[in-house]
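Below: the structure, in structure tokens.
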Amino acid sequence: MDLQLEGLSIIVTGASSGIGLQTARLLLEEGAWVTICARDHARLSRARAELDSTRLLVVPADVLNPEQANQVVEETLKHRGTIDGVAAIAGRGHHGSLLELSTADIAEEVSNKLSSLLNIVRPAVLALGDSKGCVVGLTAPTAASPNIGMGAIGVGRAALDAVIKTLALELATKGVRVNAVGVGLIDTPRQEARHAESASPASYSDWLADEALSRAVPLGRPGLATEVAAAICWLLSPLSAYTTGSVLDVAGGQQSR
């Protein structure tokens, strides 16, 4: 299917690995001009080499820093003159129950989730309004169905979910769409790091399968970053032109609402 993304200018944050990297890859395959950013310079350099495209702009930046996020927008406009979409993929999380984590950790989780979206959207709003573009964020089923082991993450996702719905209403008057993809258990480098941190004697694949079982994923398996990327790219495309304020779940049957 042609997603009608050819020639469009898209920013992808958190694009040095996992979902962000696969989203950038698919966008490039569809003919889009893509700006990628991430805070890890080494991984970002590897992503540049792996993607290897003349339609790729790489800007090292931590989007939790408003000035660096603004630079990503400025560099994109300098090179392309327009912004048709923003995929706000960057994020990090504190695992653990709400009783184990400090109030500061929980507050930081909420702040990080909101900042990773708003810091890149705010400076891009005028350009997005001019292009009648769109924004796609990430939420998760934990926003609606709390998980004890991801208490702070669930609180942060719930706050982000509210922000996405509110932005969708606010920016609709400018012709800008705002949606989210609800991600479940996805096989990414972050899960590999969690496996290493757990010191589990099980292999990574067995550990991940156990995670899917313990989280009662209806499809019974973890998802792939490519499966999430496909949903993000559809929401970025003109094919979803009448969709805003929505969450498209890629969570193996788990629901974000």
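Residue numbering for the sequence shown is 1027 to 1283, as defined by the working numbering. Where is the CB? At the ideal position from N, CA and C, for every residue including glycine. Remember, predicted model here, so these are calculated numbers, not experimental data.
What does the Cβ neighbour count give for residue i, buried or exposed, with the cut at 16 atoms within 10 Å?
| i | result |
| --- | --- |
| P1248 | buried |
| K1139 | buried |
| I1174 | exposed |
| G1246 | exposed |
| A1238 | buried |
| R1278 | Here the sequence assigns Gly to residue 1278, which means Arg is not the residue at that position. Classification of G1278: buried, given that the 10 Å Cβ count is 16 or more. |
| M1027 | exposed |
| N1091 | exposed |
| R1148 | exposed |
| A1116 | buried |
At what residues does the beta strand (DSSP E) containing residue i begin and finish?
| i | result |
| --- | --- |
| P1086 | L1082 to P1086 |
| L1164 | C1160 to T1165 |
| V1151 | Not the beta strand (DSSP E): V1151 falls in the alpha helix (DSSP H), residues V1151 to S1157. |
| A1206 | R1203 to V1209 |
| L1274 | V1273 to V1276 |
| A1113 | G1111 to A1113 |
Tell me, please, which residues DSSP counts as bridged to residue i.
| i | result |
| --- | --- |
| M1176 | G1122 |
| S1035 | W1059 |
| I1212 | G1249 |
Less than 8 Å between the CB atoms is what I'm expecting for residue i and residue j, so what's the real figure, rounded?
| i | j | result |
| --- | --- | --- |
| T1049 | A1255 | 4 Å |
| T1269 | R1203 | 7 Å |
| T1061 | E1101 | 7 Å |
For residue i, which residues in the same chain have their Cβ closer than 7 Å to its Cβ, ignoring the five residues on either side in sequence?
| i | result |
| --- | --- |
| L1143 | A1114, G1163, L1186 and V1189 |
| V1181 | I1132, E1135 and V1136 |
| L1029 | E1056, C1259, W1260, S1263 and L1265 |
| D1110 | L1034, S1035, I1036, S1157 and G1159 |
| S1123 | I1174, G1175 and G1177 |
If you drop the 5 nearest sequence neighbours on each side, which residues of the same chain put their C-beta closer than 8 Å to that of residue i?
| i | result |
| --- | --- |
| Q1281 | P1167, A1170, S1171, G1208 and D1275 |
Tell me where the alpha helix (DSSP H) around residue i begins and ends.
| i | result |
| --- | --- |
| V1098 | P1092 to R1106 |
| Y1230 | Y1230 to S1240 |
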